[in-house]
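To start, the structure itself, in C-alpha cells.
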Amino acid sequence: MSLSTGFLRGMAMLTTAVALVVFVGGSLLEAQPKAAPAKLDAAGLAKVIDKAVNAKLAAEKLTPSGRCDDAEFLRRVYLDLVGKVPTAEQASRFLASTDADKRAKLVDELLASPDYGVHLTDLWTSLMLPRNSDNRRLVPEPLVQWLVKQFNENKPWDKLVTEMLTATGTQEENPAVTYFLANNTADKMTDSVGKIFMGLQLQCAQCHPHPFTEWTQKQYWETAAFFLRVQTGNLNQAAKNGTSPGVQELAKMKQGKNALPESAKIVPPKALDGTVPTVKGTEPLRPHLAGWLCTPENRFFSKALVNRVWAQLFARGFVNPIDDIRDENEPSHPDLFTTVSAQFAANGFDLKYLYKAICLSETYQRTSKPNDSNRGSDPTLLARMNIKSLSPEQLYDSFQVVLGSERAQGKRPAVVAPQRGGPQGGKAGFVNFFNLDENWDPMEFQAGIPQVLRLMNSAQMNNPARAQEITKAAKSPTEAVEALYLTALSRKPTEVETQRALAHVKTVGDSRQAYADLLWVLVNTSEFALNR
Amino acid sequence: MQNLLPNGLTRRDALRLAAAGVGGACLSGWMNVVATAAANTAAKPKSCILLWMDGGPSHKDTFDLKPGTKDAGEFSPIQTSVPGIEVSEHFAATAKFMHHGAILRGMNTSEGAHPRAKFNMHTGYREGVGGVVYPSIGSIVSAELGRPEFPLPNFVTIGNRSYGAGFLGAKHQPLNVANATAGVENLKAFVSGSSFDNRVGLLQEMEKAFYGEYRADAGQDHSTTYARAVELMKSKEAKAFDLAQEKTETRTAYGETAFGNGVLLARRLVEVGVPFVEVTLGGWDTHQDNWTRVKANSLQVDKALSSLLGDLKDRGLLDTTLVIWMGEFGRTPKINARGAKPGRDHYPRAWSSVMFGGGIPGGQVIGKTDKEGAEVVERKINALDFMATVCTILGVDYTKQNQTPNGRPIRIVDKGEKVIKELVG
C-alpha cells in the first residue's frame with residue numbers, strides 16, 4: 001500500500017518547516033535541530049550567505065559596495081586559497097578570459113592546487129605549534145608534510161581532528177603526534193584544543209573561575225583530565241640521540257615532580273557539556289574526547305572551524321575574538337553562523353566545500369572600496385570586503401613568485417639574527433623575523449621598522465636581473481611596464497600609471513635601471529602588502 | 001581591542017599624530033612627515049641599559065663573596081668606593097662606581113631552567129601561563145616611554161635577539177643589532193642615494209593613489225611605517241649606530257670585544273634618546289671550569305661597564321640612565337666536583353643583580369644571604385619585586401593594564417609585588 005503523494009508532500013513540507021523553525025530559533029545554547037537540515041551545495045549556501053548579509057545591511061541602512069573587478073578578485077582568491085599571488089602568465093590568462101564562469105572555475109582550480117594544502121598547513125601549524133622555548137628542538141616537518149597531504153586530499157575535518165587528537169606513536173610512525181610534542185603538558189593541551197578546535201578561551205579557568213564565561217575551574221580540569229595520561233617524548237633527548245620522539249597514553253596518570261602545574265586538580269574526565277565518558281578499564285581517554293567533540297551534534301566543533309574560516313577570508317569572524325565563542329560575544333549574523341556551521345557538518349565537514357561556498361558568494365566578491373554609505377561601517381557587516389595584511393608566509397611565497405626564488409638567484413637565504421632556538425634561513429627564518437603574535441589582527445599592517453628596512457634594502461628585494469628577466473620579451477617600454485605590473489601586482493597598469501612609468505624611464509635614461517626601480521616600487525607598495 | 005597608550009590614545013591615533021599632515025589626499029613631504037608631528041613637549045624619558053648575563057652568573061664569585069667559608073671559591077673580595085661593600089677582585093674598575101650603585105643580594109626566584117628563568121626575568125611572567133605571550137621589559141618601556149615621533153626604534157637589542165613584544169604587537173618589537181661593529185642590517189639603501197630618493201618619490205605617489213581609492217587604515221599604517229624607516233635611514237640619530245665615529249681610545253677602553261662594542265653602542269643609543277637597550281654577554285653557565293670562565297667574563301664586563309658609567313657620568317646622563325647587570329639566576333653555593341674542572345650549577349634561591357644610575361640612591365646593598373650564600377636571610381626579592389622596582393625607577397606605571405588582542409587585561413607587573421623603596425628615592 002502506498003501513501004498518497006499529497007500526504008508525502010505534506011510530510012516533507014512539515015519536516016522542512018520544523019527544520020526551518022528550529023534553525024531560526026536556534027542559538028548556541030539550544031540543542032542542534034533534531035531534523036536533519038536540507039543539504040545545500042556550495043552554490044546554494046552562497047545564496048543563503050548573501051541573503052542573510054544583505055538583509056542585515058538593509059536593516060542597518062547600509063548600501064553595500066559593488067562587485068570587485070577581475071583584477072581584485074584574481075589576486076584576492078589566489079592569496080586566500082593558495083597563499084600567494086599568481087604569476088604574470090596566470091594573471092594574463094584570467095584577465096583575458098571571456099568565460100562567464102571564469103571566477104567559479106578559478107575557485108575550483110585553486111582548491112585543487114597542491115598549494116592549497118601548503119597554505120592551509122601554514123595557517124594551522126602556526127596555531128598548533130606555539131613558538132616558545134620548550135619547542136626549540138621541535139622538528140615540525142613531519143607534521144607539515146602530513147598536513148599538506150591531508151588538506152589536499154580534503155580529509156573531512158572531523159576525521160582529521162580525531163586523528164590529531166588521538167595520535168599515538170613516534171613522530172616517524174605518526175607525524176600527527178607532533179601536535180602533542182609541541183604542547184607537552186595537560187594544561188597546554190587543554191588550552192590549545194580549547195582555542196583551536198572549540199573556539200573557547202579555557203585557559204583563564206585553569207587557576208580560578210573564568211571571569212567572563214561560565215567555565216569553572218573544575219570544568220577546566222575535567223577537560224584536562226582527558227590528557228593527564230598522555231606522555232610526550234623529550235625533544236632534547238631525542239635530538240641528542242637522533243631518535244624519533246613519541247607520544248603515548250599510559251595506563252595511569254603521569255607521575256613525576258613537575259608532571260602537573262601547581263594549579264592542577266585531579267578530577268575524573270568529563271566533557272564541557274557534562275557528558276561523562278564510559279571508559280573501560282585503562283583504555284585511552286583521548287578517543288572519548290575526540291568522539292564527543294568531532295560530531296555534528298557537538299555545540300562547539302563546527303562553529304569553531306566555520307568562525308576561523310570566515311575570519312580568514314573576511315578578516316573578522318562571526319564572533320570576535322575568533323577563539324572566544326560565548327554567549328556574551330554576540331555573533332554578527334547569529335542565524336547565518338548557525339546555518340553555515342550546520343551545513344558544514346551536514347556536508348561531511350568538507351573544508352573545500354566551505355571555502356567554495358564562501359568564495360562563490362556575492363559577499364566575498366564585493367570590492368573593498370567603500371562608498372559614501374558604508375565608509376567606516378562595522379567591518380563584520382561586510383558592506384565591503386575588508387582589506388587584509390598579507391601574512392609573513394604569504395609575503396614570502398609571493399616574493400618567490402614575483403622576484404624569483406632565493407635559490408634560483410644563487411643567493412643564500414638572507415641571514416637573520418640568531419633567534420632563540422628558531423630557524424634562520426628561508427621561509428621559516430623570514431616568518432620568524434616578523435615574530436607575530438598568534439592573535440595578530442589582519443586589518444592592521446604588521447611590520448615594524450626592521451622588517452620594512454629589510455623589504456626596502458635587502459639583496460633579495462633589489463635584484464636588477466629579475467627586472468630584466470620580466471621585461472625581456474617586451475617590444476617597447478609600454479609593454480615592459482605592463483609586464484612589470486602584471487608580474488608584481490597581477491594587473492595591468494592604468495593609463496595614468498603607464499604614462500608616469502614611461503616618464504620615469506625617460507628621466508632615468510637607462511631602461512635597465514628604470515625597470516629595476518619600477519619593480520622595487522611595485523613590491524614595496526601597500527597594494528602589494530595588502531590583500532584587497 | 002586596541003592597546004591603549006598613555007593619555008588614552010590608541011595605537012592608530014598615535015601613528016596618525018606622528019604622521020600629522022598625512023591624510024587622504026596629502027601624502028606629500030614624507031621627509032617631513034615625522035618632523036612636522038605635533039611637537040612633543042614632554043621631557044625626554046629615562047633610559048635603561050640592561051646588561052644581560054646569559055647563563056646565570058655565580059653570585060658567590062661576583063657580587064656576594066663569602067671569603068673564609070667552605071666553598072668560597074678562588075676569588076678574593078676587594079673594597080669598593082663604599083666602605084663595607086665588597087665585590088670580586090675582577091670588578092676593580094666598576095668597584096670605583098659603587099657609590100652610584102646598589103647590589104641586590106636578596107634575589108630569590110623559582111625558575112631553575114634557563115629558558116623559563118630567562119623568560120621570567122625578562123617579562124615578570126611565567127612563559128605559557130594563561131595562553132598569552134607576555135612582552136619583555138624592553139617592549140614595555142618602548143610602549144610606555146617611547147615617543148611616537150622618535151626616528152629610532154625605542155627598543156634595541158645588541159647581540160642576542162632577546163624577548164620581544166608578545167601581544168603588544170609589531171611596533172614594539174626590538175631592533176636587533178647582531179653585531180655592534182656591523183651596525184643595523186639593511187640600514188643603508190641598496191642603490192645610490194639619488195636613485196633611492198627617486199624610488200621613494202615614486203612609491204609615495206603610488207601610496208597616495210592607493211589610499212585615495214581604498215581608504216584602508218592598513219594602507220596608512222604601511223605608509224607611515226615606511227616613512228619612519230626612511231626617516232631612520234636619513235636621520236642624524238641613525239649615526240649612533242656607527243661605531244667608527246668613536247675614537248680608538250674609547251673603543252679600546254670599552255674593550256674590543258663583541259660585548260665591549262655592544263656596550264659602547266648602547267651608550268651612543270641612549271645619548272640620542274633610545275629608552276631601552278639590551279646587550280648580552282653569554283658564557284656564564286659555568287657547570288664546569290667556573291673560575292677561569294667567570295674571571296674572563298668579569299674582566300670583560302668590568303672594562304665595559306666602568307667605561308660606560310664613567311662616560312655616562314661625564315655626559316650628565318648617569319642620573320637618567322638606569323644600568324642593570326643581571327642574569328636569570330645564580331649558582332650553587334656548593335662547588336660541584338663532577339668533572340676535571342669544578343664548577344657551580346643553577347641556583348635561583350639566592351643570587352645577586354646590580355643596578356647603577358637612574359637616579360637611585362647609590363651605595364646600597366639590598367638583601368642579605370647566609371654564611372654560605374645559600375639562603376636569603378633578609379629581604380627576599382622576587383621577579384615581580386624586581387620588575388616593579390625597575391618600572392618605578394624608569395617612571396612606568398606598572399599597575400597599568402594592557403589589553404591582549406583577545407581583550408584580556410594584563411597588568412604590566414602582576415599583583416603581589418613589593419617595590420624596593422630604598423631604590424626609588
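Protein chains in written order, with my numbering: chain X, 1 to 532; chain D, 1 to 425. Just so it is clear, CB atoms sit at the ideal spot from N, CA and C, and this is done for glycine as well. Quick caveat, the model's predicted, so the values are computed rather than measured.
Measure the alpha-carbon distance for residue i versus residue j and round it to whole angstroms.
i: D/E375; j: D/E111; result: 15 Å
i: X/S389; j: X/R316; result: 13 Å
i: X/V279; j: X/T168; result: 18 Å
i: D/E422; j: D/R315; result: 26 Å
i: X/A225; j: X/G281; result: 15 Å
i: D/V274; j: D/A102; result: 23 Å
i: D/E246; j: D/N261; result: 10 Å
i: D/R199; j: X/D517; result: 6 Å
i: X/E497; j: X/E393; result: 29 Å
i: D/K236; j: X/N457; result: 19 Å
i: X/F533; j: X/V148; result: Examination of residue 533 of chain X is not possible in this model, given that chain X is present from 1 through 532 alone.
i: D/K66; j: D/K60; result: 7 Å
i: X/P331; j: X/P321; result: 10 Å
i: X/F94; j: X/L111; result: 16 Å
i: X/L138; j: X/G509; result: 53 Å
i: D/I78; j: D/L312; result: 24 Å
i: D/T392; j: D/V177; result: 28 Å
i: X/F151; j: X/P142; result: 14 Å
State the DSSP-derived secondary structure class of residue i, mapped to helix, strand or coil.
i: D/T248; result: helix
i: D/Y347; result: strand
i: D/G130; result: helix
i: D/E278; result: strand
i: X/S389; result: strand
i: D/R267; result: helix
i: D/F75; result: coil
i: D/P45; result: coil
i: D/G84; result: coil
i: X/V161; result: helix
i: D/W325; result: strand
i: X/T223; result: helix
i: X/W124; result: helix
i: D/V376; result: strand
i: X/E72; result: helix
Kindly list, in the order they appear in chain D, the residues whose Cβ is closer than 7 Å to that of residue i.
i: X/E444; result: A218 and D221
i: X/P140; result: Simply none; closest approach about 18 Å.
i: X/N132; result: E127 and G128
i: X/R316; result: Correct list: empty, because the minimum Cβ distance to chain D is about 12 Å.
i: X/W520; result: R199
In chain D, what lies closer than 8 Å to residue i by C-beta?
i: X/N389; result: Sequence check: residue 389 of chain X is Ser here, not Asn. The contacting residues are A218.
i: X/N462; result: F190 and V191
How close, in whole Å, do the beta carbons of residue i and residue j come, if the pair is a contact with beta carbons under 8 Å?
i: D/T449; j: D/I49; result: Only positions 1 to 425 of chain D appear in the structure, and residue 449 of chain D is not among them; the question remains open.
i: D/D54; j: D/R105; result: So it is not a contact: roughly 21 Å between Cβ atoms.
Can you list the residues of chain D that residue i reaches, using a CB-CB cut of under 9 Å?
i: X/R454; result: E185 and N186
i: X/H504; result: N198 and L202
i: X/T471; result: Those do not exist, as X/T471 stays about 17 Å from chain D at its closest Cβ, beyond 9 Å.
i: X/K369; result: E213, Y214 and R215
Which chain X residues are close to residue i, counting only those with a beta carbon under 7 Å from its beta carbon?
i: D/Y254; result: Per Cβ cutoff of 7 Å: no residues; D/Y254 is ~22 Å from chain X at best.
i: D/V133; result: D437
Residue i touches chain X at which residues, Cβ-Cβ below 8 Å?
i: D/V323; result: The premise fails here: D/V323 is roughly 23 Å from chain X at the closest Cβ pair, so nothing lies under 8 Å.
Quick one: which chain X residues come within Cβ less than 9 Å of residue i?
i: D/G169; result: L436, D437, W440, D441, E444, Q446 and G448
i: D/T225; result: F445, A447, G448, I449, Q451 and V452
What residues from chain A crowd round residue i, counting only those whose CB sits closer than 9 Å?
i: D/A240; result: Note that chain A does not occur in the displayed structure, where the protein chains are X and D.
**Request:** Please confirm if the region 140-154 of chain D is in contact with the region 431-444 of chain X, defined as three or more CB-CB distances below 8 Å between the two stretches.
**Result:** no
**Item:** Three or more C-beta pairs below 8 Å linking the region 165-183 of chain D and the region 288-298 of chain D
**Value:** no
**Cβ contact check for the region 192-207 of chain X and the region 285-300 of chain X: 3 or more pairs under 8 Å** = yes
**Asked** If you pair each beta-carbon of the region 354-367 of chain D with each one of the region 114-125 of chain D, do three or more pairs fall below 8 Å?
**Response** no
**Any 3 or more C-beta pairs closer than 8 Å across the region 329-349 of chain X and the region 299-313 of chain X** = yes
**Asked** Are there three or more Cβ pairs, one per stretch, closer than 8 Å when the region 239-251 of chain X is compared with the region 269-278 of chain X?
**Response** no
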